[in-house]
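Chains A and H supply the protein sequences, listed in that same order.
The first sequence begins at 4 in the working numbering and counts up one residue at a time.
The second sequence begins at 4 in the working numbering and counts up one residue at a time.
Backbone N, C-alpha and C define an ideal beta-carbon position, used for all residues, glycine too.
Below: one structure, written as structure tokens.
2 protein chains.
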Amino acid sequence: MTPGSKDRLRGTLDVLILKTLTWGPRHGYAIARWLEDTTGDSLTIEEGSLYPALYRMEQRAWIESEWGTSELGRQAKFYKLTPAGRKQLRLETAEWRAFVDVVSRVLQPES
Amino acid sequence: MTPGSKDRLRGTLDVLILKTLTWGPRHGYAIARWLEDTTGDSLTIEEGSLYPALYRMEQRAWIESEWGTSELGRQAKFYKLTPAGRKQLRLETAEWRAFVDVVSRVLQPES
DNA sequence: CATGTTACCTCGATTGTCTAGGTAATATGC
DNA sequence: GCATATTACCTAGACAATCGAGGTAACATG
Chain A
4 MTPGSKDRLR GTLDVLILKT LTWGPRHGYA IARWLEDTTG DSLTIEEGSL YPALYRMEQR
64 AWIESEWGTS ELGRQAKFYK LTPAGRKQLR LETAEWRAFV DVVSRVLQPE S
Chain H
4 MTPGSKDRLR GTLDVLILKT LTWGPRHGYA IARWLEDTTG DSLTIEEGSL YPALYRMEQR
64 AWIESEWGTS ELGRQAKFYK LTPAGRKQLR LETAEWRAFV DVVSRVLQPE S
């Protein structure tokens with residue numbers, strides 16, 4: 004729709020995934036479902052973004068993976084936060100808030 | 004620093020520029036200065052992002068340009084909002100707020 | 001036995017930002 | 001008079017993240 008609205012998630016996807024994992028280990032598919040469910044489909048993560056993001060974040064040691072069995076009895080790769088991931092989550096959450104504050108101030112009606 | 008922190012502006016630059024122009028026509032250099040000044044250097048627009056963005060937005064007819072003379076007596080290209088630009092500003096501002104609300108809710112400490 | 005769901009993955013296109021260059025006119029310091 | 005800084009514009013190429021569209025496979029359902 005709006006050019007650029009499609010990837011408004013850019014720069015935010017990582018922190019959302021990290022946050023999702025604070026409720027305990029989850030597999031990729033469940034992460035996407037959880038975000039859609041809790042936001043009423045406002046946030047949808049495409050699989051073409053999700054799996055590369057998980058790979059990226061594991062490379063950076065923010066998350067760790069382990070194969071296991073899903074709630075429905077299927078093979079699934081469960082991700083969990085590492086200490087570095089928790090630290091990253093705190094950092095990015097703070098940065099996000101600061102950025103949002105600044106932009107919101109600029110976009111305010113008056114000035 | 005944080006990977007991706009550099010282009011956290013992505014998807015936000017346009018709306019910031021549009022907002023800047025609601026105070027009246029400004030040339031590119033002045034837009035960048037104004038944003039830095041009013042945010043205490045929190046938001047800095049690189050020229051390599053700014054000028055392509057202005058070009059893009061003029062193509063989309065959100066802004067119009069006209070050569071004139073700057074406050075310091077130099078040649079400068081002044082941009083002003085078109086009606087379509089004002090509409091776009093309203094739209095993107097609303098989208099921004101909605102997006103921020105959703106993400107902020109997810110990132111809240113409790114749930 | 002066909003279709004849907006769960007669950008994973010990959011490739012290429014797209015897009016916007018950044019870095020790093022460059023031009024030119026005017027102002028300032030020495 | 002000369003070097004440097006500032007104002008003001010622009011472009012080219014690199015890069016990184018997201019997306020769309022494809023694919024695999026196991027199991028469930030009707």
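Mind pulling the chain H residues with CB within less than 9 Å of residue i?
{"i": "residue 46 of chain A", "result": "102, 105, 106 and 109"}
{"i": "residue 85 of chain A", "result": "Here the premise fails: no neighbours, minimum Cβ distance about 16 Å."}
What residues of chain A sit near residue i, judged by a beta carbon separation below 8 Å?
{"i": "residue 22 of chain H", "result": "109 and 110"}
Taking the straight line between their C-alpha atoms, what separation do you get for residue i and residue j?
{"i": "residue 10 of chain H", "j": "residue 87 of chain H", "result": "26 Å"}
{"i": "residue 38 of chain A", "j": "residue 26 of chain H", "result": "39 Å"}
{"i": "residue 85 of chain A", "j": "residue 30 of chain A", "result": "15 Å"}
{"i": "residue 109 of chain H", "j": "residue 73 of chain A", "result": "24 Å"}
{"i": "residue 63 of chain H", "j": "residue 20 of chain H", "result": "14 Å"}
{"i": "residue 32 of chain A", "j": "residue 78 of chain A", "result": "11 Å"}
{"i": "residue 68 of chain H", "j": "residue 106 of chain H", "result": "36 Å"}
{"i": "residue 96 of chain A", "j": "residue 59 of chain A", "result": "18 Å"}
{"i": "residue 93 of chain H", "j": "residue 47 of chain A", "result": "24 Å"}
{"i": "residue 45 of chain H", "j": "residue 54 of chain H", "result": "20 Å"}
{"i": "residue 76 of chain H", "j": "residue 83 of chain H", "result": "19 Å"}
{"i": "residue 49 of chain H", "j": "residue 57 of chain A", "result": "30 Å"}
{"i": "residue 7 of chain H", "j": "residue 61 of chain H", "result": "Reliability of the predicted coordinates at residue 7 of chain H is poor, the pLDDT of 44 falling under 50, and the value obtained from them is presented with this limitation in mind. Cα-Cα distance, rounded: 27 Å."}
{"i": "residue 43 of chain A", "j": "residue 13 of chain A", "result": "20 Å"}
{"i": "residue 65 of chain A", "j": "residue 89 of chain H", "result": "42 Å"}
{"i": "residue 103 of chain A", "j": "residue 103 of chain H", "result": "7 Å"}
{"i": "residue 5 of chain A", "j": "residue 112 of chain A", "result": "Only weak support is given to the placement of residue 5 of chain A: the predicted model assigns it a pLDDT of 40, under 50, and the value that follows is read from those uncertain coordinates. Taking the straight line from one Cα to the other gives about 21 Å."}
{"i": "residue 91 of chain H", "j": "residue 91 of chain A", "result": "34 Å"}
{"i": "residue 52 of chain H", "j": "residue 101 of chain A", "result": "21 Å"}
Can you name, in chain order, every residue of its own chain whose Cβ lies under 8 Å from the Cβ of residue i, other than the five neighbours on each side?
{"i": "residue 99 of chain H", "result": "15 and 18"}
Where DSSP assigns a beta bridge to residue i, which residues make up the other side?
{"i": "residue 70 of chain H", "result": "H/80"}
{"i": "residue 29 of chain A", "result": "A/82"}
So residue i is in the alpha helix (DSSP H); what residue range does that whole segment cover?
{"i": "residue 101 of chain A", "result": "86-110"}
{"i": "residue 56 of chain H", "result": "50-62"}
{"i": "residue 17 of chain H", "result": "16-23"}
Can you list the residues of chain H that residue i reaches, using a CB-CB cut of under 8 Å?
{"i": "residue 116 of chain A", "result": "The displayed coordinates of chain A run from 4 to 114. Any statement about residue 116 of chain A would go beyond what the structure contains."}
Please go through the same chain and pick out, in chain order, the residues whose beta-carbon is closer than 6 Å to the beta-carbon of residue i, but skip the five residues on each side of it.
{"i": "residue 23 of chain A", "result": "34 and 37"}
{"i": "residue 70 of chain A", "result": "80"}
Closer than 9 Å by beta-carbon distance: list the chain A residues that pair up with residue i, in chain order.
{"i": "residue 72 of chain H", "result": "Those within 9 Å of residue 72 of chain H in chain A number zero; the least Cβ separation is about 26 Å."}
{"i": "residue 65 of chain H", "result": "Residues of chain A passing the Cβ test: none, with the nearest at roughly 11 Å."}
Quick one: what's got a C-beta closer than 7 Å to residue i's C-beta in the same chain, skipping five residues either side?
{"i": "residue 28 of chain A", "result": "81, 82 and 83"}
{"i": "residue 41 of chain H", "result": "none"}
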